[in-house]
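Below is one structure, written out as structure tokens; comments come after it.
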Amino acid sequence: MSSLSIPAEFTLHRTNKFEHSSPLRWILSHVRPYWLIMIMLIVGAIGNAVLAVVVPVLTGDAFNAMLKPTPDTSVLLPLAITIGISQIIRGVLQFGRNFGAELMAQKMERDIRDELYLSLLGKSMTFHNLQPVGDTMARSTNDVREVNYMFSPGVNLVVGSFMFILMPIFFAPRYHISLIATPLVFTVIYFIALARYLKQLSPITDDVRESFGKMNTHLSESLDGVEIMKGAAQEDAEVNRFGINANEVRNAFVQQGDLEAKYIAMLLLGMAYATGLVHALFLFRAGLIDVGAVIAYFGMLQLLGFPTFTSTWAYSQISLGFSSARRILELINSETKLDQNASGRTSEMRGEIEFRRVSFSYPNGESVLKDISFKVKPGQTVAIVGQTGAGKTSLAKLINRTYDISSGQVLVDGVDVREWNLASLREQISIIEQDIFLFSRSLSDNIAFGKPGATKDEIMSASIAAQAHDFILDFDQTYATTVGERGVMLSGGQRQRIALARAFLTDPRVLVLDDSTSAIDSATEDKIQRAISNAARGRTTFIITHRLSQIRWADLIIVLRKGQIVAIGAHDELMKTSEAYSRIFRE
Ligand code: CTP
Ligand code: MG
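See the structure below:
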């Protein structure tokens, strides 16, 4: 059906170039654009470490000069100046390394945000219905941030300190070949210990990130449902439940700290100092090296301190970054089911809709619609009626593939909806949902949502047709009034007319109006009524409603009960033939 490789939904035409097969590959694919910075980082780290060696080596030389039978003070000034200059260069390199790492980490964070947002908007409703918002938020804010920290300071310090470990191995043999022993043994044990440490750390950092996501899920849900929670006086219970989650996060962090504290590298460092010094003194007693060499060598061993100190937390940062990368990738890679069929049909719709033996169930639920068949001619108005939970909303959402059917066929202009280009299908079919969502932007932005370039005149005439113009003018800032959050709150009837104005602007071939709110005062009712009949003109319209006046005038009425059609036809006909239908009017 589709040749598209990325399973993304909706009208996203952008794709990204990152590797998704494993967290490591994914991270590397994000590093790739910044390879120049990475090289700079490594060069900076090598330069920094080499220049750090200059200090003990020259200090050793100075001691030798002073301990000669006739002390030679003339070398001291040049030695001091050399040390000074070398350390200034070192400072510059260090600055470059730190700046490069920070720059790269910030740029990567930005790229990842972009990638994740793109991926989230591209996912099907099936995905979004199942994925808790709080967890998604935690992943797309804090986890993304952790990947940033993973590079700066994480990788920056690991690369920097790694070079320090190598320095004594390179430069100790300069004094006596056997002096390589201590740094070499230290390095081997250091890496063995590190490997073990990382292995133990990995599940703990996974826990840290996961418990955080869980806490966030809880937080966002209780804030979303705060009205219900207060209404039911359940604050205490919620606070307790939150406390449990917060404890889990704390415990995970404590466990991480515990492991860091037990890390053996510090002990190892002390042992290296002791054995290295003893070894050097033996060589000195045997007359194999001079005092300057002992001092220089001991100074070099002290370079091992930097990698040891940083390793405890720099590697935690890397481990946390990996856990986060895993979580972000999990989100990006999760199944989306629908594909946008970019090569599908894109022609203009006439508006003929046909259901052929359609059955449907939600991913983890029982069957919601069973064996639905009907056909609507272009321009007709269809009323869908039935009790709450009968499947009216579900039926409507199959037309524009908000959900894909389980069996049967939905055809638009005689073509299976899955054969249509998804963007083209949705641009021409507009659904006004039962719970109308408005963004916290201005009213005119909300109305022009589906047509961002719309002019003021267009927005106004759409609002007039939708009977929204009058109440909009009542606001102080008219069309510039901000909705929700810190702006005005709109009533159900007002929201509906804003949504209708949206529909007038985009001028879809098929309009679905999910209008299950029934009790509205008669003046408003009248206005909405007029707006709806304006909207229905010239396009195929589905109205899900309890308003008898609207049902009566529909060309086709579908009566649903428990997911099945129990009656279908025009009003007069149904009044005679259907008990289920005529009962609606009698009640
Ligand atoms: N359902 C579900 N998952 C969803 C939405 C609905 O399992 N995401 C189920 C509901 O439990 C219900 C059935 O699908 O049993 C039909 O739901 P719906 O189509 O929304 O019913 P409507 O007829 O639209 O009900 P109402 O009049 O209350 O809007
Ligand atoms: Mg409904």
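Residues 11 to 597 (the numbering used here) make up the sequence shown, in order.
The beta-carbon is built from N, C-alpha and C at its ideal position, and this holds for glycine as well.
Quick caveat, the model's predicted, so the values are computed rather than measured.
The three-state reading of DSSP puts Ala577 in strand, counting E and B together. Note on Trp430: 16 or more other CB atoms within 10 angstroms of its CB, so buried under the neighbour-count rule. Considering only Lys461, Ser417, Thr192, Ile594, the residue with the shortest C-alpha distance to Thr285 is Thr192.
Exclusion of the five residues before and after Gln327 leaves Tyr159, Met160, Pro163, Gly164 as the residues of its chain whose Cβ lies within less than 7 Å of its Cβ. The DSSP-derived three-state label of Phe384 is strand. Under DSSP, Leu523 forms a beta bridge with Ile442, Ile553.
Pairwise C-beta distances place the stretch 441 to 461 out of contact with the stretch 370 to 381, as fewer than three of them are shorter than 8 Å. If you draw a straight line from the Cα of Tyr283 to the Cα of Arg107, it is about 28 Å long. Distance check between Arg547 and each of Thr69, Met177, Val522, Phe252 places Val522 closest, using alpha-carbon atoms only. At least one heavy atom of the ligand CTP lies less than 7 Å from the C-beta of Gln444.
Residue Val395 holds the alpha-carbon nearest to the alpha-carbon of Ser559 among Asp484, Val395, Lys572, Ile457. Under the three-state reduction of DSSP output, Ala393 falls in the strand class. Taking 7 Å as the cut-off, the C-beta of Asn139 counts as close to a heavy atom of the ligand CTP. For Gly94, the enclosing alpha helix (DSSP H) begins and ends at 86 to 131.
Secondary structure at Leu405: helix, using DSSP grouped into helix, strand and coil.
Going by C-alpha positions, Ala472 is about 31 Å away from His581. The C-alpha of Asp423 is placed about 11 Å away from the C-alpha of Arg355. Taking every protein chain shown into account, the CB of Leu140 has fewer than 16 other CB atoms within 10 angstroms, so this residue is exposed.
At least one heavy atom of the ligand MG lies closer than 7 Å to the C-beta of Asp524. Under the three-state reduction of DSSP, Arg571 is assigned to strand.
Using a 10 angstroms sphere on the CB of Leu211, the tally of other CB atoms reaches 16 or more, which defines it as buried. If you look at Gln419, you'll find it isn't in any alpha helix (DSSP H); it sits in the beta strand (DSSP E) that goes 417 to 422.
At least one heavy atom of the ligand CTP sits closer than 7 Å to the Cβ of Lys402. The Cβ atoms of Tyr325 and Leu204 lie closer than 8 Å to each other. Between Arg436 and Asn351, the gap from beta carbon to beta carbon reaches 8 Å or more. Gly502 has its Cβ no nearer than 7 Å to any heavy atom of the ligand CTP.
Shown here, Leu298 sits in coil according to DSSP, grouped into three states, outside any helix or strand. In the structure shown, Leu448 adopts coil according to DSSP, grouped into three states. Contact between Ile575 and Ile382 holds, with the beta-carbon distance rounding to 6 Å and staying under 8 Å. Asp426 is bridged by DSSP to Leu421. Check the Cα spacing between Thr318 and each of Met276, Ile98, Ala306, Ile254: the tightest is with Met276. A distance below 7 Å between beta-carbons, with the five flanking residues on each side excluded, links Gly361 to the following residues of its chain, in chain order: Pro388, Gly389, Arg519, Val520, Arg549, Thr550.
Distance from the Cα of Phe137 is smallest, within the candidate group Thr197, Phe201, Ile305, Glu345, for Glu345. Cβ-Cβ distances below 6 Å link Ser96 to Leu61, Val64 in the same chain, with the five nearest sequence neighbours on each side left out; the list follows chain order. Asp525 is classed as buried because its beta carbon has at least 16 other beta carbons within 10 Å across all chains shown.
Bounds of the alpha helix (DSSP H) holding Ser326 are 315 to 343.
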